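Undergrad: Here's a structure for you.
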Amino acid sequence: KKVRKALLKGQTHVEKMCSNALAMIKNMTDTDVANESNESEWPEWMSVADRRLLQSSSVAPDVVVAADGSGNYKTVSAAAAAAPKKSSKRYIIRIKAGVYRENVDVPQILS
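Its first residue numbered 383, the sequence shown is counted upward by one per residue in this note's numbering.
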């Protein structure tokens, strides 16, 4: 009983923390996100080769995502789902500027 009580108390605490975090994210505006300053233009985990690839103007994307419908897909999730399951080639998705309110889940087999 003591263990169950302790687990329930901990669960309640975690639920409150998650709720608070989601409330903060929900109240952020696109301007707040755009104004976030980042010392480096690229994430730390990105390799130098990947940075060069993204900076190259000669790289053609496999698909284009555009919220306004001008691309191959309207959502990032749909474009990711269309990626080939077993490929040695990098699948490049160009995401045009816009607001995409979605949670994108990329399966391990695609990453």
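Ideal Cβ placement from N, Cα and C applies to all residues, glycine included. Computed from a predicted model, the values in this text were never measured in an experiment.
Determine the contact status of Val486 and Val458, defining contact as a CB-CB distance below 8 Å.
TA: In the sequence shown, counting from the first residue as 1, residue 486 sits at position 104. In the sequence shown, counting from the first residue as 1, residue 458 sits at position 76. It is a contact, given that the beta carbons lie within the stated cut-off.
Undergrad: Since I believe Val447 is in contact with Ile475 (beta carbons under 8 Å), could you give me their beta-carbon distance rounded to a whole number of angstroms?
TA: Here residue 475 refers to the residue found at position 93 of the sequence shown. Here residue 447 refers to the residue found at position 65 of the sequence shown. Indeed they touch by this definition, with Cβ atoms about 6 Å apart.
Undergrad: Anyone know if the C-beta pair for Ala449 and Val481 falls short of 8 Å?
TA: Locating residue 449 in the sequence shown gives position 67, where the first residue counts as 1. Locating residue 481 in the sequence shown gives position 99, where the first residue counts as 1. Yes, these two residues count as a Cβ contact at 8 Å.
Undergrad: Fully enclosed by the region 386–470, which beta strand (DSSP E) runs are 3 residues long or longer?
TA: 445–447, all fully within the region 386–470.
Undergrad: To which residues of the same chain is Leu435 closer than 7 Å at the C-beta, ignoring the five residues directly before and after it?
TA: As a working mapping, residue 435 is identified with position 53 in the sequence shown. Taken in chain order, the residues that qualify are Val441.
Undergrad: Taking all protein chains shown into account, do 16 or more other C-beta atoms lie within 10 angstroms of the C-beta of Ala461, making it buried, or fewer, making it exposed?
TA: Working through the sequence shown from its first residue, we reach residue 461 at position 79. Classification for Ala461: buried.
Undergrad: How would you write the range of the beta strand (DSSP E) that Ile477 sits in, first residue to last?
TA: Translated into positions along the sequence shown, residue 477 becomes position 95. Counting along the chain, the beta strand (DSSP E) containing Ile477 begins and ends at 475–477.
Undergrad: Taking Cβ positions, are Tyr473 and Ala465 nearer each other than 8 Å?
TA: Within the sequence shown, numbered from 1, the residue matching residue 473 stands at position 91. Within the sequence shown, numbered from 1, the residue matching residue 465 stands at position 83. Yes, they are a contact pair.
Undergrad: Just to check my reading of the structure: Trp424 and Arg433 have Cβ atoms closer than 8 Å, yes? What is that Cβ distance to the nearest angstrom?
TA: On the sequence shown, residue 424 is found 42 positions in, with the first residue counted as 1. On the sequence shown, residue 433 is found 51 positions in, with the first residue counted as 1. Right, their Cβ atoms sit about 5 Å apart.
Undergrad: For a cutoff of 8 Å on Cβ pairs, would you count Pro443 as touching chain B?
TA: No chain B is part of this structure, which consists of one protein chain only.
Undergrad: Can you look up Lys384 in the DSSP assignment and give me helix, strand or coil?
TA: Locating residue 384 in the sequence shown gives position 2, counting from the first residue. Residue state, collapsed to three classes: helix.
Undergrad: Alpha carbon to alpha carbon, how far is Ala388 from Met399?
TA: Position 6 of the sequence shown, counted from the start, is the residue given in the question as residue 388. Position 17 of the sequence shown, counted from the start, is the residue given in the question as residue 399. So the alpha carbons of these two residues sit roughly 17 Å apart.
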